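Asks:
In C-alpha cells form, the structure reads like this:
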C-alpha cells in the first residue's frame, strides 16, 4: 500500500445489513477466527502474545482490554454462560501446559 497502511484482510460483516463492522490485518491463516461468548457480549482473538477483547455491540471502540501471555500460540473460549479462556503456551524446554482463567473474572476487569 502506498500510504503505508496494512491490508485489512480479516473483515466482520453484519449478516442482516451487509455492513462491514470491523476489519483487521491477519498475517497467518491459523488462529484468525474471532471467538464469541454465548451471549455475544464479548469477542476475543489472539494476536501475538495478546488476547484482545472486544464488545461486538461496540466494534467502533476497538479493543476494550487485552491480556498478554508470553509464548501463547492458541486460545480457546469455552462454551456456556460462564466461559473460560484456555491458552496453550509452549515452554522453551519442550514442556507444555494449559492456562485457564475464568473469562467472567477477566470481563469484570473490562466492564
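Residue numbers (my numbering): 3 to 113.
Ideal placement from N, C-alpha and C gives every residue a C-beta, glycine not left out.
On a predicted model such as this, the values are computed, not experimentally measured, just so you know.
Measure the Cβ-Cβ separation of residue 48 and residue 74 and say whether it is below 8 Å.
Replies: Yes, they are a contact pair.
Asks: With 16 as the cutoff for other CB atoms within 10 Å, does residue 8 come out buried or exposed?
Replies: Classification of residue 8: exposed, given that the 10 Å Cβ count is below 16.
Asks: For residue 1, report the span of its beta strand (DSSP E) as first-last.
Replies: Outside the displayed span of the chain (3 to 113) sits residue 1, for which this structure offers no information.
Asks: Out of 19, 59, 55, which has the shortest C-alpha to C-alpha gap to residue 79?
Replies: Among 19, 59, 55, the Cα nearest to that of residue 79 is on 55.
Asks: Spatial neighbours of residue 26 within its chain, please: CB distance less than 7 Å, with the 5 preceding and 5 following residues excluded, ordered by chain position.
Replies: Taken in chain order, the residues that qualify are 10, 12.
Asks: Quick check: residue 51 and residue 72, are their CB atoms within less than 8 Å of each other?
Replies: Result yes, Cβ atoms of residue 51 and residue 72 sit closer than 8 Å.
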